[in-house]
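Colleague: Numbering (our numbering), first residue to last: 6 to 227.
Don't be surprised by glycine CBs; every beta carbon is placed ideally from N, CA and C.
From a predicted model like this one, the values you see are computed outputs, not experimental measurements.
One structure follows; several queries about it will come next.
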């Protein structure tokens, strides 16, 4: 689990409805290689080719949900490895764009607002997300239309979801994950691990912070 903030100038982030969104997230090396409508095996081949790996070496993160049974079967049939997560496809999506996390792509559907936040982070990291809203009821179709979205079947790119020029992004780990360590407690306070990024400057910072309790004669331990 992570806490997260993404911000931009006005209209710099898509106002996404509270519904599911199909997502395919990859890192900088795989930008332009995938197609949301392509077979899973084809996308895995494209990712492996860009990363100069065998498909068997790829680790694909998928939310552990009944709706993903077919997707999971197709990934396994293609030969890639799967890391099932109970929640947090936002954190996994960011990890896919950071070398050394062991995550090569994220596939499947998750929350649409989280998809927009992921896109904001990927703009800063030069990664890519391909996404499409899952609008499967007349009521949801009507709600989406009222929000100004005319084509509910549109495939969104990273820039479509987060077109802003002045995007800032910050996340702090709550529990341990592939990207950030969770909050750690010690006798005199807590220690946190954060990621802070700004698109305009290109700055990407991993911040390790100690938060001291308000007690006299506190000794800091590293």
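DSSP three-state call for residue 213: helix, strand or coil?
Modeller: In this structure, residue 213 counts as strand in the three-state DSSP scheme.
Colleague: Which residue from 38, 74 and 83 puts its Cα closest to that of residue 60?
Modeller: The option with the nearest alpha carbon to residue 60 is 83.
Colleague: Since I believe residue 172 is in contact with residue 13 (beta carbons under 8 Å), could you give me their beta-carbon distance rounded to a whole number of angstroms?
Modeller: That belief holds up - the Cβ atoms of residue 13 and residue 172 are roughly 5 Å apart, short of 8 Å.
Colleague: What would DSSP say about residue 121, mapped onto helix, strand or coil?
Modeller: Three-state result, residue 121: helix.
Colleague: Using the beta-carbon count (16 or more within 10 Å), is residue 150 buried or exposed?
Modeller: By the neighbour-count rule (16 or more Cβ atoms within 10 Å), residue 150 is not buried but exposed.
Colleague: Taking the alpha carbon of residue 206 as the point to measure from, which residue in 15, 66, 128 and 75 has its own alpha carbon closest?
Modeller: Ranking 15, 66, 128 and 75 by Cα distance to residue 206 puts 128 first.
Colleague: How many whole angstroms separate the CB atoms of residue 99 and residue 184, which I take to be in contact at a CB cut-off of 8 Å?
Modeller: That pair is a contact at about 6 Å.
Colleague: Return the residue from the list 50, 26 and 25 that minimises the CA-CA distance to residue 35.
Modeller: Among 50, 26 and 25, the Cα nearest to that of residue 35 belongs to 50.
Colleague: Under 8 Å, do residue 179 and residue 6 count as touching if we go by C-beta distance?
Modeller: Yes, the pair counts as a contact, with Cβ atoms nearer than the cut-off.
Colleague: Need the endpoints of the alpha helix (DSSP H) that residue 171 sits in, please.
Modeller: It is not in any alpha helix (DSSP H) - residue 171 carries neither H nor E in the DSSP assignment.
Colleague: Please list, in chain order, all residues of the same chain as residue 167 whose beta carbon is under 6 Å from its beta carbon, the five residues on each side excluded.
Modeller: Here the set comprises 18, 124, 125 and 128.
Colleague: Taking Cβ to Cβ, would you say residue 30 is nearer than 8 Å to residue 101?
Modeller: Yes; because the gap between Cβ atoms is below 8 Å, this pair is in contact.
Colleague: Just to confirm the assignment: which complete beta strand (DSSP E) runs, minimum length 3, are found wholly within the segment 68 to 135?
Modeller: Entirely contained in the segment 68 to 135, the beta strand (DSSP E) runs reaching 3 residues are, in chain order, 86 to 90 and 110 to 116.
Colleague: Measure the alpha-carbon distance for residue 190 versus residue 94 and round it to whole angstroms.
Modeller: Spanning the two alpha carbons is a distance of roughly 26 Å.
Colleague: With DSSP as the reference, please indicate the residues paired to residue 27 in a beta bridge.
Modeller: Its beta-bridge partners are 114 and 137.
Colleague: Pop quiz: residue 176 and residue 200 are said to be a contact at Cβ under 8 Å. What is the actual Cβ separation, rounded to whole angstroms?
Modeller: Correct: roughly 5 Å between the Cβ atoms.
Colleague: Look up residue 66 in the DSSP assignment and say whether it is helix, strand or coil.
Modeller: Three-state result, residue 66: strand.
Colleague: Would you check if the distance between the CB atom of residue 65 and the CB atom of residue 109 is smaller than 8 Å?
Modeller: In contact: residue 65 and residue 109 (Cβ atoms closer than 8 Å).
Colleague: Figure out for me which residue from 138, 85, 111 and 90 has the closest Cα to the Cα of residue 24.
Modeller: Checked all of 138, 85, 111 and 90; the closest Cα to residue 24 is 138.
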